[in-house]
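Residues 5 to 333, numbered by our numbering, are exactly what the sequence shown covers, in order.
Below is one structure, written out as structure tokens; the observations come after it.
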Amino acid sequence: MQRRQILSTLATAAIGAPLGLLSSPAWAAYPDRPVVLVVPFPPGGPADGYGRAFGQALAVQLKQTVVIDNRAGVGGALGVQTVARAQPDGYTLGMAGGGAMVFLPLLMEKEKILFDPFKDLTLLSKMVTTPNVLVVGPRVTAKTVQELIQQAKAQPGKFTIASSGSGTSTHILAELFKQKAGVDMLHVPYKGAAPALQDLMGGQVDVTFVETPGALSFIKSGKVRAMFVTDTRRASWLPDVPSAVEVGLPEVVAEGMYGLVAPPGLPEAVSRQLVAAIDAALKSPELASRFDQFSGVPIPSTGAAFSTYLKGEHDRWLPVIRKGNITLE
Numbered sequence: 005m006q007r008r009q010i011l012s013t014l015a016t017a018a019i020g021a022p023l024g025l026l027s028s029p030a031w032a033a034y035p036d037r038p039v040v041l042v043v044p045f046p047p048g049g050p051a052d053g054y055g056r057a058f059g060q061a062l063a064v065q066l067k068q069t070v071v072i073d074n075r076a077g078v079g080g081a082l083g084v085q086t087v088a089r090a091q092p093d094g095y096t097l098g099m100a101g102g103g104a105m106v107f108l109p110l111l112m113e114k115e116k117i118l119f120d121p122f123k124d125l126t127l128l129s130k131m132v133t134t135p136n137v138l139v140v141g142p143r144v145t146a147k148t149v150q151e152l153i154q155q156a157k158a159q160p161g162k163f164t165i166a167s168s169g170s171g172t173s174t175h176i177l178a179e180l181f182k183q184k185a186g187v188d189m190l191h192v193p194y195k196g197a198a199p200a201l202q203d204l205m206g207g208q209v210d211v212t213f214v215e216t217p218g219a220l221s222f223i224k225s226g227k228v229r230a231m232f233v234t235d236t237r238r239a240s241w242l243p244d245v246p247s248a249v250e251v252g253l254p255e256v257v258a259e260g261m262y263g264l265v266a267p268p269g270l271p272e273a274v275s276r277q278l279v280a281a282i283d284a285a286l287k288s289p290e291l292a293s294r295f296d297q298f299s300g301v302p303i304p305s306t307g308a309a310f311s312t313y314l315k316g317e318h319d320r321w322l323p324v325i326r327k328g329n330i331t332l333e
């Protein structure tokens, strides 16, 4: 009888004990199986390259296999939604781009938004940034962006500016450029950056913004010409191309960004271990070298800093979207 009372008392105490006190030992062996990194883009592109390079660096720090799971769709949002719905056990992480974390939440109707970046995810860290570059095709005679702006002002509506689709980051960046440069260009949306670049090289459109990795080989081969990079300084892989600040367009500084997220409700013990491993991976010279192959720069940060960055981006881009009447259609 006394033994039963003791067991009953222990069980009652366990039920009433704080979850953290009981759960910590359960996570002591984390990770004891492979970790999945959801990359919300198809295999083979620069974003996939960032994900695979980071996955290898993270595996070294965690001393565990990291498996890449490509879940493309809805501008990168489908893969992030997969992460948001996963078990918060530290075995499902995800990459998240600016399109999914910034632009889609601003453009979609509230009832159709796939996830709330601030409520439905654990923000772990920024991961990598890369500047965009304004490139022109063979129809454009301007040698500098200043000449391009002068020509566009003299002939409103004549120049065409392509994007990778309505409501995408390159569309919104194109609108920002038009607003700050004071030019009227006809927007031509494509289904992706690759077809936009193909038509640019073929002379069907005049201008487009693209993340640097997607245009680098075409710039170096002379198939397109770079006007400026959307950064405060020149990019090391395009040393002859001026920055947005140099060409007098500091307000058009804009980066392509990919961050790291996990499901909401991540146990504190797991979160601490993950954040430490992510930070060490992003600070490794080997990963910096791998990212450089895709024109990217690792950006270690904290979850709080990532959240602050996203809120600032929301505040920055919403007026641009409203002024340009940008929609997903």
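C-beta atoms are modelled at their ideal positions from N, C-alpha and C, and glycine is treated no differently.
| Item | Value |
| --- | --- |
| Go through its chain and collect everything with a Cβ distance to residue 63's Cβ below 7 Å, but skip five positions before and after it. | 69 and 70 |
| Within the present structure, is the beta-carbon of residue 227 separated from the nearest heavy atom of the ligand ZN by less than 8 Å? | What this structure holds is no ligand at all, so the ligand ZN is not there to describe. |
| What does the Cβ neighbour count give for residue 195, buried or exposed, with the cut at 16 atoms within 10 Å? | exposed |
| Nearest to residue 181 by CA position, among 214, 77 and 268, is which residue? | 214 |
| In the structure shown, what three-state DSSP assignment does residue 73 receive? | strand |
| Does DSSP classify residue 96 as helix, strand or coil? | strand |
| Sort 37, 317 and 80 by Cα distance to residue 47 and report the nearest one. | 80 |
| Measuring CB to CB, does residue 193 end up less than 9 Å from residue 167? | yes |
| Across which residues does DSSP place residue 239 in a beta bridge pair? | 242 |
| With three or more C-beta pairs closer than 8 Å as the rule, is the stretch 158-166 touching the stretch 261-268? | no |
| Would DSSP call residue 302 helix, strand or coil? | strand |
| Measure the C-alpha to C-alpha separation of residue 199 and residue 291 and round it to an integer number of angstroms. | 30 Å |
| Give me the Cα-Cα distance between residue 130 and residue 100, rounded to the nearest whole angstrom. | 9 Å |
| Can you give the beta carbon distance from residue 141 to residue 204, rounded, assuming they're within the 8 Å contact cut? | 4 Å |
| Looking at the strands, I want to know which residues DSSP matches up with residue 247. | 233 |
| Sorted by chain position, which residues of the same chain lie with C-beta nearer than 8 Å to residue 241's C-beta, five sequence neighbours on each side aside? | 216, 220, 296 and 299 |
| In whole angstroms, give me the CA-to-CA distance for residue 317 and residue 106. | 7 Å |
| Would you mind sorting residue 308 into buried or exposed? The rule is 16 or more other CB atoms within 10 Å of its CB. | exposed |
| Enumerate in chain order the residues of its own chain whose CB-to-CB distance from residue 153 is below 8 Å, with the five nearest sequence positions on each side excluded. | 185, 186 and 187 |
| Look at residue 4 and residue 45 and say whether their C-beta atoms are less than 9 Å apart. | An answer regarding residue 4 cannot be provided, because it is not within the stretch 5 to 333 covered by the chain. |
| Threshold first: 3 residues or longer. Then list the beta strand (DSSP E) segments lying entirely within the stretch 154-202, N to C. | 164-167 and 190-193 |
| Classify residue 263 as helix, strand or coil using the three-state DSSP reduction. | strand |
| Helix, strand or coil for residue 147, going by three-state DSSP, please let me know. | coil |
| Taking the beta strand (DSSP E) that residue 213 falls in, what are its first and last residues? | 211-215 |
| Could you name the residues of the same chain whose beta carbon sits closer than 8 Å to that of residue 306, not counting the 5 residues immediately before and after it, in chain order? | 129 and 279 |
| My assumption, with CB atoms under 8 Å, is that residue 119 sits in contact with residue 88. Please give the rounded CB distance. | 4 Å |
| On the three-state DSSP scale, how would you describe residue 331? | coil |
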